[in-house]
Amino acid sequence: MSENIQQLSKQKVSYPSAQADIMVDDVFIDDLSLQHTLKTNYTDLFAQGRFKEFFMLYLGRTLKDLYHSKNEYLNSALPNDGETHIAPLYGCSDSCCVYLYVKVARQQSLIHWEQIGRNAAFLSPSKATNIEWIPDFQPITFDFDNYQQISNILNHD
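In the numbering used here, the protein residues as written are 29 to 185.
As structure tokens, then:
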């Protein structure tokens, strides 16, 4: 059985700020903005509170740069072979709140995004878990070399 391998890239998107739109980084999967795709495919999950806001890309960020980096479920987005990590994906513009996480698994030359979830601290009513995983999320597979290249670019920007 062959995997459906997606292409990961970093591109600029327009972020609406108070004075003017500015260009910021986003991840694209097969030339489609992940943020836009999530908000289009899961409209109910991204229609209220902080989840309807524009997200800033956290994937690949050095975790010490994030306010929530002491949480045990924040790991590198680049696991070793056979490991699974939960890493920050998107958050607020001032690096204090992580809104979305991604569960990343590595199996030899493949990277799998097994799940994407919302930070339950920002849900109303509140949830008993730290992360509410998006239901019916279809895992996404990347070639390790492509994923590592983009992860390195994001970590050095």
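Using N, Cα and C, we set each Cβ at its ideal position, and we do this for glycine too.
Keep in mind it's a predicted model, so treat the numbers as computed, not measured.
Could you name the residues that DSSP lists as bridge partners for D171? Locating residue 171 in the sequence shown gives position 143, counting from the first residue. Per DSSP, L138.
Excluding the 5 residues preceding and the 5 following N183 in the sequence, name in chain order all residues of the same chain whose CB lies nearer than 6 Å to its CB.
The residue given as residue 183 occupies position 155 in the sequence shown. So the list reads G88, once near-sequence residues are dropped.
Among S154, A105, R146 and D49, which one has its Cα closest to the Cα of P163? Counting from one through the sequence shown, the residue named residue 163 turns up at place 135. Nearest option by C-alpha distance: R146.
key: Alpha-carbon to alpha-carbon, V55 and N174   = As a working mapping, residue 174 is identified with position 146 in the sequence shown. As a working mapping, residue 55 is identified with position 27 in the sequence shown. C-alpha separation (whole angstroms): 13 Å.
* How big is the Cα-Cα spacing for F28 and F165? -> Since the first residue shown for the chain is 29 and the last is 185, residue 28 is missing from the structure and cannot be characterised.
In this structure, how does DSSP classify S45 when only helix, strand and coil are distinguished? For this step, residue 45 is matched to residue 17 along the sequence shown. DSSP, read as helix, strand or coil, puts S45 in coil.
Near Y43, what residues of its chain come up, given a Cβ to Cβ distance below 6 Å and the 5 sequence neighbours on each side ignored? Here residue 43 corresponds to residue number 15 of the sequence shown, with the count starting at 1. Scanning its chain for C-beta atoms nearer than 6 Å, with the 5 sequence neighbours on each side dropped, one finds around Y43 the residues I50, V52 and F82, in chain order.
For this session: Can you tell me which of the three DSSP states D8 falls into?
Result: This structure cannot speak to residue 8, because the chain is shown only from 29 to 185.
Name the two residues that bound the continuous alpha helix (DSSP H) containing L66. The sequence position of residue 66 within the sequence shown is 38, counting from 1. In this chain, the alpha helix (DSSP H) harbouring L66 covers L62 to N69.
Worksheet item: Should L60 and F170 be called a contact, given that it needs their Cβ atoms to be closer than 9 Å?
Response: Numbered from 1 along the sequence shown, position 32 holds the residue referred to as residue 60. Numbered from 1 along the sequence shown, position 142 holds the residue referred to as residue 170. No, they are not a contact pair.
Requested in this report: Please state if the CB of F172 and the CB of I139 are separated by a distance shorter than 9 Å.
Outcome: Within the sequence shown, numbered from 1, the residue matching residue 139 stands at position 111. Within the sequence shown, numbered from 1, the residue matching residue 172 stands at position 144. Yes; because the gap between Cβ atoms is below 9 Å, this pair is in contact.
Comparing C-alpha positions only, which one of Y86, C125 and V130 sits nearest to F150? If you number the sequence shown from 1, residue 150 lands on position 122. When each option's Cα is compared against that of F150, the closest is C125.
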